[in-house]
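Participant: What follows is a structure written as structure tokens; I'll ask about it next.
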Amino acid sequence: MTTPDQQVLERARTYDAQALGEIYDRYAGPIYGYLYRVIGDATHAEDLAGEVFLRLLQALRTSRAPRDNLEGWLYRVAHNLAMDLFRRQKKGPVVPLVEELVAQDGQPSDLVEDRQVKQQLRARIRRLSSDQQRVILFRFAEELPLAEVARLMGKSEGAVKILQHRALSRLRKLLQE
Amino acid sequence: MDKRQSNQCEECSQRASREEAVEDRLDPVVHTAQQVMILSETPPPPPHGLAPGRQRFLAEAARLRAESRGNPLWLPPRRQLFGGAMRLATALAVIAILFGAVVGTTQAAAGSLPGQPLYGVKLATEQIRLAFAGQPANRAALQQSLAEERLDEIVALLERKRAVGPSVSTRAMRQLEQALEASAQLQDAAATQALQQLAEAIRQRERVMLGAAGESPEPSVRELLRQMERVRQEAHAGQGDPAGLRHRLRQGTPAEPTVLPGPTGTPQPSRTPGQPSTTPPHTPSPSGTPGPTQTPPRTGMPTGSPGPSGTPGQTPGAGATSQPTGGPQASHTPGPSATSQTSEPPHATRTPGPSGTPGPTGGPNSTPGPGQTPRQGGGGGNKP
């Protein structure tokens, strides 16, 4: 018995345009949203979302191609690309564009303060382990249910609960520093 | 991590998301979760939308599709599904090739001769076979087979007119000794049979080797022939008394020499006249288990003369057992394989034994059977 992911992946391995189009249409939006919540910058999130799907094309030619749970694979690649971006930008978190700030409703000073708080929070989250980061972001930024998080991460719900509790405890300490 | 705690945490997280009250103890953790929730804002739309990304993605896919069709070395993706099976098949193929190479080399080495490149492989293979021989009977049979193999190698070298080095003959001697010891360690009945087979195998090789060695064999071959004869006598003597043979092997004393049918069924080949034997004189074997056929104790018997037969159970006939060992041989001609020939001078002065006449083996063509094996003090063959 094959899952929908397996069926579409089977066709995608021959670089079938229709199958690849389906994959992009289904997952590009959520991946972009996830990257934006991790990075906090729309331009970088957009670039990296495109990179995630190019990585998929490269992987389809090798044994590293996802066999199933394509969505989880895409989220993992997206998260790794975001961490690579942060590593390249050692000077600190990505600075948001001024045009974005002025385009938003509300006072610019409030928006700047709000963004600073979020960037500090993201910086603390990045100090967690990769799995802890992902479970925190999936559960409380993406607001995915526990079962969905377990499926995406390829873990049991019990393991995700434990991971979540440890991540929150550690993050609380980091936020108190 | 306590499972209960993590469950509580999850429950409180859910309550917090519904803005319900949570336990005080877990409140800080829940508060942290609520802090993270500020990231859950709806992201702004991508600056350029998702459409350009889609076009780029599909264009790259089209390029790769065209590339893959033009590249004959590119594996169809479907086959990559079976990457695990392919790897397993590759591993099995490698193992099969290695196994074939080992088997092929071993088989090729089986026919090699000393000095050839694969001879070391042959010896190593034999050692492995010996290590796994298991039961003493199997081990004795294998030792005997290896001894025959060593002798056959020397025959092959002689037939090809190639030199038989001392190391080659020494290796054959050692293998003969090991075969003798392994056979002697068996139960009496099995030992008798194994020793009989060993003696017969040596006798056959002696005959072939003499023919292949020609008129003047190399010193190493001559010495090997002498040792073969000695082992054959030991094996023959041990057939009737395996316990005695075991005892002698433990003590390191050889058996009394006896006249056995030579390689051609005739007495032993005569030694080159005047050539002294390198075999030291035999000392009597007082530890030999005396049996009913043992000759009476000899007092004043010259040193080096055959003492009391160490092979009392040598299935002699009644007449044979009554013959004295070491009877005088007036016309005795020493043979190269007679290990007791250095004791000839005393024989010449010895008084005849009770029978005083040579035994039935005095004739050159006599081929006494096992039960008729007469003993002669000189142990050498008669002059033809």
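One line per chain: the protein sequences are A and B, in this order.
Once you know that position 12 of the first sequence is 12 in my numbering, the rest is easy, because the numbers rise by one and skip nothing.
Residues are numbered in my numbering as their position in the second sequence, beginning at 1, plus a constant of 177.
Every residue gets a Cβ at the ideal spot worked out from N, C-alpha and C, and that includes glycine.
Secondary structure at G226 of chain B, three-state DSSP: helix, strand or coil?
Facilitator: Along the second sequence, read from residue 1 onward, the residue named residue 226 of chain B stands at position 49. In this structure, G226 of chain B counts as coil in the three-state DSSP scheme.
Participant: So, with DSSP's three-state summary, where would you put R327 of chain B?
Facilitator: Indexing the second sequence from 1 puts residue 327 of chain B at position 150. Three-state result, R327 of chain B: helix.
Participant: Any chance you could list the alpha helix (DSSP H) runs of at least 4 consecutive residues sitting entirely within the region 361 to 441 of chain B, in chain order?
Facilitator: 365 to 390, 396 to 417, 419 to 428
Participant: Kindly indicate which three-state DSSP category R337 of chain B falls into: helix, strand or coil?
Facilitator: Working through the second sequence from its first residue, we reach residue 337 of chain B at position 160. R337 of chain B: coil per DSSP, three-state reduction.
Participant: Using a beta-carbon distance below 8 Å, is A82 of chain A in contact with chain B?
Facilitator: One-based indexing of the first sequence puts residue 82 of chain A at position 82. By this cut-off, A82 of chain A is not an interface position.
Participant: Which chain A residues are close to T209 of chain B, counting only those with a beta carbon under 7 Å from its beta carbon?
Facilitator: Stepping through the second sequence from its first residue, residue 209 of chain B is reached at position 32. Within 7 Å Cβ-Cβ: L168, L171, R172, L175.
Participant: Going by alpha carbons, who is nearest to Q324 of chain B out of B:L387, B:V280, B:L375, B:G292?
Facilitator: Taking the first residue of the second sequence as 1, we reach residue 324 of chain B at position 147. Inspection of the sequence shows that residue 324 of chain B is occupied by Ala rather than by Gln. The shortest C-alpha separation from A324 of chain B is found at B:L375.
Participant: Among residues of its own chain, excluding the 5 on either side of A317 of chain B, which ones have a beta-carbon nearer than 6 Å to its beta-carbon?
Facilitator: Translated into the one-based positions of the second sequence, residue 317 of chain B becomes position 140. Hits under 6 Å: A359, S360, L363, A371.
Participant: Whose Cβ in chain A lies nearer than 9 Å to the Cβ of L235 of chain B?
Facilitator: Position 58 of the second sequence, counting from 1, holds the residue named residue 235 of chain B. Within 9 Å Cβ-Cβ: A17, L20, G21, Y24.
Participant: Look at R172 of chain A and P221 of chain B and say whether their C-beta atoms are less than 8 Å apart.
Facilitator: Working through the first sequence from its first residue, we reach residue 172 of chain A at position 172. Working through the second sequence from its first residue, we reach residue 221 of chain B at position 44. Their beta carbons are not under 8 Å apart, which means R172 of chain A does not touch P221 of chain B by this criterion.
Participant: Express the C-alpha separation of E71 of chain A and Q18 of chain A in angstroms, rounding to a whole number.
Facilitator: Against the first sequence, residue 18 of chain A aligns to sequence position 18. Against the first sequence, residue 71 of chain A aligns to sequence position 71. The alpha-carbon atoms of Q18 of chain A and E71 of chain A are separated by roughly 18 Å.
Participant: Just by C-beta distance, which residues in the region 114 to 130 of chain A are closer than 9 Å to chain B?
Facilitator: D114, V117, K118, L121, R122, I125
Participant: Grouping DSSP H, G and I as helix and E and B as strand, with all else coil, what is R246 of chain B?
Facilitator: Here residue 246 of chain B is taken as the residue at index 69 of the second sequence, counted from 1. R246 of chain B: helix per DSSP, three-state reduction.
Participant: On a Cα-Cα basis, can you pick out the residue from A:L137, A:A147, A:L111 that is closest to E157 of chain A?
Facilitator: The residue labelled residue 157 of chain A in the question sits at position 157 within the first sequence. For the set A:L137, A:A147, A:L111, the Cα lying nearest the Cα of E157 of chain A is the one of A:A147.
Participant: Strictly below 9 Å CB to CB, what residues from chain B border G33 of chain A?
Facilitator: The residue you call residue 33 of chain A lines up with position 33 of the first sequence. The answer, in chain order, is T219, P220.
Participant: At the 8 Å Cβ level, is E187 of chain B part of the contact set with chain A, yes or no?
Facilitator: In the second sequence, the residue the question calls residue 187 of chain B occupies position 10. It does; some Cβ of chain A falls within 8 Å.
Participant: Quick check on Y75 of chain A: does DSSP put it in helix, strand or coil?
Facilitator: Here the question's residue 75 of chain A lines up with position 75 in the first sequence. Y75 of chain A: helix per DSSP, three-state reduction.
Participant: In angstroms, rounded to a whole number, what distance separates the CA positions of E218 of chain B and S245 of chain B?
Facilitator: In the second sequence, residue 218 of chain B corresponds to position 41, counting from 1. In the second sequence, residue 245 of chain B corresponds to position 68, counting from 1. When rounded, the distance between both Cα atoms is 42 Å.
Participant: Three or more C-beta pairs under 8 Å: does that hold for the region 58 to 72 of chain A against the region 41 to 48 of chain A?
Facilitator: no
Participant: Measuring alpha carbon to alpha carbon, tell me which of B:E400, B:L328, B:A239, B:L422 ends up nearest R13 of chain A.
Facilitator: Reading the first sequence from its first residue, position 13 is the one you call residue 13 of chain A. With distances taken between Cα atoms, R13 of chain A lies closest to B:A239.
Participant: G230 of chain B versus chain A: which residues are under 8 Å apart at the beta carbon?
Facilitator: Counting from 1 along the second sequence, the entry for residue 230 of chain B is found at position 53. Result: Y24, A28, E46, A49, G50, F53.
Participant: Closer than 8 Å, CB to CB, is F140 of chain A near chain B or not?
Facilitator: On the first sequence, position 140 is the one that residue 140 of chain A refers to. At a cut-off of 8 Å between beta carbons, F140 of chain A contacts chain B.
Participant: With DSSP as the reference, label D47 of chain A as helix, strand or coil.
Facilitator: Stepping through the first sequence from its first residue, residue 47 of chain A is reached at position 47. Here D47 of chain A sits in helix by DSSP.
Participant: Which chain B residues are close to L85 of chain A, counting only those with a beta carbon under 9 Å from its beta carbon?
Facilitator: Residue 85 of chain A sits at position 85 when you count from the first residue of the first sequence. Within chain B, no residue comes near L85 of chain A; the closest Cβ sits about 16 Å away, beyond 9 Å.
Participant: Is the beta carbon of L163 of chain A less than 8 Å from the beta carbon of Q133 of chain A?
Facilitator: Counting from one through the first sequence, the residue named residue 163 of chain A turns up at place 163. Counting from one through the first sequence, the residue named residue 133 of chain A turns up at place 133. No, the pair does not count as a contact, with Cβ atoms beyond the cut-off.
Participant: Is DSSP giving Y34 of chain A helix, strand or coil here?
Facilitator: Translated into positions along the first sequence, residue 34 of chain A becomes position 34. If DSSP states are grouped into helix, strand and coil, Y34 of chain A belongs with the helices.
Participant: How is D84 of chain A classed by DSSP in three states: helix, strand or coil?
Facilitator: On the first sequence, position 84 is the one that residue 84 of chain A refers to. Note: D84 of chain A maps to helix in three-state DSSP.
Participant: How would you call P457 of chain B, buried or exposed, if buried means at least 16 neighbouring beta carbons within 10 angstroms?
Facilitator: The residue labelled residue 457 of chain B in the question sits at position 280 within the second sequence. Confidence at P457 of chain B is low in this model, with a pLDDT of 42, below 50, so the placement of that residue should be treated as unreliable; the coordinate-derived value is given next. Exposed, by the Cβ-count rule.
Participant: For A124 of chain A, which three-state DSSP category applies?
Facilitator: Here residue 124 of chain A refers to the residue found at position 124 when the first sequence is read from its first residue. According to the sequence displayed, residue 124 of chain A carries Arg and not Ala. Three-state DSSP puts R124 of chain A in a helix.
Participant: Have a look at B:A278, B:H225, B:G417 and flag the residue whose alpha-carbon is nearest the alpha-carbon of Q373 of chain B.
Facilitator: Translated into positions along the second sequence, residue 373 of chain B becomes position 196. With distances taken between Cα atoms, Q373 of chain B lies closest to B:G417.
Participant: State buried or exposed for D5 of chain A, treating a residue as buried only when at least 16 other CB atoms are found within 10 Å of its CB.
Facilitator: Within the first sequence, the letter at position 5 stands for residue 5 of chain A. So D5 of chain A counts as buried.
Participant: Taking C-alpha atoms, which residue in A:R26, A:A82, A:I23 lies nearest to E46 of chain A?
Facilitator: Here residue 46 of chain A is taken as the residue at index 46 of the first sequence, counted from 1. The alpha carbon of E46 of chain A has as its nearest neighbour, out of A:R26, A:A82, A:I23, the alpha carbon of A:A82.
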